[in-house]
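Remarks on the structure that follows.
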Amino acid sequence: MAQDFTDSRPSWGSRVDEDVAIIEKNFAALKSLFSGASAPASPVAGMWWYDTTTHILKLRNKDNNAWLSVWDLANNKPVITNLSNEITAAMISSALKSPAANVEGLRKLGTGATDACAGNDARLTSGVPPDASVTQPKLAYTAGDNLIIANDAQAEAVSTSWGKMKETVVVRGGTLRIRFEGNTQGGGVGHFAVFRNGTKVGTERVTSAVNPTTWTEDIGNWTANDSCQIYGYNEVGGQQPIQVRNFRLYSGYAQAEYVVA
């Protein structure tokens with residue numbers, strides 16, 4: 011292809027056929043992006059050149075002192091010179107490696123001792139800190155004074171046998187601090203206890219007081235979706251109902267989960 015480009019204008023004394031030939035060569039060079047096996051002569055900044063030896067489309071830089079490779083026409087892809095011409099799967103695989111234990115780096119997901127998450131059990135030996143992976147045991151409840159669930163509405167019962175008065179569902183396992191208030195009306199003797207899924211797990215509380223009494227107890231071995239309940243009964247039949255209110259669950263984590271009215 012033509013690479014010659016004449017910048018001079020035709021003179022008055024020149025022959026028309028010679029001027030037309032020059033113009034044709036100029037158009038041919040522009041049309042072919044100065045295609046050729048070697049760089050065109052007298053380049054200028056912003057000039058294109060299709061290097062037919064390497065099949066690379068190049069552009070003259072703004073300082074007019076170098077050719078910038080732009081596009082690989084043989085493979086129809088851009089030329090990324092700062093990344094060894096292209097990003098390959100091998101490059102990614104080589105870069106994404108879990109470094110040695112206690113060495114900062116980009117860790118891949120996996121089950122190896124130095125991988126992220128699965129398999130990284132805490133190492134509590136001297137000088138080696140525990141890992142920071144998220145596991146279900148680490149999300150478990152621990153007893154504390156941070157309110158996470160409140161079921162405060164008053165409930166009443168007149169039965170002389172255990173019956174459910176309050177209930178809420180826990181979303182994680184662990185140990186909970188459970189607090190509630192109970193009282194009787196009209197001379198009865200109220201019995202109250204924390205139940206889990208219908209089974210008594212808390213200390214039985216007894217009162218004949220009209221004014222509410224508050225009880226607090228730490229109870230463990232909860233699992234996700236367990237029903238935490240308050241059961242009660244009045245041992246004196248025919249009396250006014252017993253009452254429960256302000257049934258609340260507390261944890262060591264300061265994070266509210268939901269509120270049941």
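Here the working numbering is used: the first residue of the sequence shown is 11, the next is one more, and so on.
Each residue gets a CB set at the ideal place from its N, CA and C atoms; glycine is no exception.
Count the other CB atoms, across all protein chains shown, that sit within 10 Å of the CB of residue i; report buried if there are 16 or more and exposed otherwise.
{"i": "proline 109", "result": "exposed"}
{"i": "leucine 259", "result": "buried"}
{"i": "valine 30", "result": "exposed"}
{"i": "serine 261", "result": "buried"}
{"i": "proline 88", "result": "exposed"}
{"i": "arginine 25", "result": "exposed"}
{"i": "isoleucine 159", "result": "buried"}
{"i": "glycine 115", "result": "exposed"}
{"i": "threonine 194", "result": "buried"}
{"i": "glycine 200", "result": "buried"}
{"i": "serine 136", "result": "Because the pLDDT of serine 136 is 43, which lies under 50, any placement of that residue in the model is unreliable, and the number read from its coordinates should be weighed accordingly. Under this definition serine 136 is an exposed residue."}
{"i": "glycine 122", "result": "exposed"}
{"i": "phenylalanine 257", "result": "buried"}
{"i": "glycine 192", "result": "buried"}
{"i": "valine 113", "result": "exposed"}
{"i": "alanine 128", "result": "Note on alanine 128: pLDDT 48, under 50, position unreliable in the model; no value is reported."}
Is the beta carbon of residue i sitting closer than 8 Å to the one on residue j?
{"i": "alanine 153", "j": "arginine 187", "result": "yes"}
{"i": "phenylalanine 44", "j": "tryptophan 58", "result": "yes"}
{"i": "arginine 70", "j": "tryptophan 81", "result": "no"}
{"i": "tyrosine 60", "j": "serine 48", "result": "no"}
{"i": "alanine 163", "j": "proline 251", "result": "no"}
{"i": "lysine 176", "j": "asparagine 161", "result": "yes"}
Measuring alpha carbon to alpha carbon, tell me which of the options ends up nearest residue i.
{"i": "valine 180", "options": "Asn207, Thr194, Thr170", "result": "Asn207"}
{"i": "glutamine 249", "options": "Asp228, Ile229, His201, Gly197", "result": "Gly197"}
{"i": "serine 218", "options": "Lys210, Phe202, Thr226, Glu227", "result": "Phe202"}
{"i": "proline 222", "options": "Arg25, Gln253, Trp232", "result": "Gln253"}
{"i": "tyrosine 241", "options": "Ala165, Thr233, Val220, Arg182", "result": "Ala165"}
{"i": "aspartate 73", "options": "Val89, Glu34, Pro53", "result": "Pro53"}
{"i": "isoleucine 90", "options": "Ile66, Val220, Ser237, Lys107", "result": "Ile66"}
{"i": "glutamate 245", "options": "Glu227, Asp236, Ser169, Trp232", "result": "Ser169"}
{"i": "threonine 185", "options": "Asn75, Asn161, Val211", "result": "Val211"}
{"i": "threonine 209", "options": "Asn85, Pro50, Cys238", "result": "Cys238"}
{"i": "glycine 230", "options": "Arg182, Gly200, Asn86, Arg70", "result": "Arg182"}
{"i": "lysine 174", "options": "Tyr151, Val204, Asn156", "result": "Val204"}
{"i": "alanine 150", "options": "Gly120, Lys176, Trp232", "result": "Trp232"}
On the DSSP bridge assignment, give the partners of residue i in chain order.
{"i": "isoleucine 229", "result": "Leu186"}
{"i": "alanine 203", "result": "Tyr241"}
{"i": "phenylalanine 257", "result": "Asn161"}
{"i": "threonine 224", "result": "Glu191"}
{"i": "glycine 167", "result": "One detail in the question is off: residue 167 reads as alanine in this sequence, not glycine. Answer is Ile252, bridged to alanine 167."}
{"i": "glutamate 177", "result": "Gln239"}
{"i": "asparagine 36", "result": "Partner(s): none; asparagine 36 has no beta bridge."}
{"i": "aspartate 61", "result": "Gly46, Ile66"}
Is it the case that the CB of residue i approaches a heavy atom of the ligand SAH more closely than 7 Å?
{"i": "arginine 206", "result": "The ligand SAH is absent from the structure shown, which contains no ligands of any kind."}
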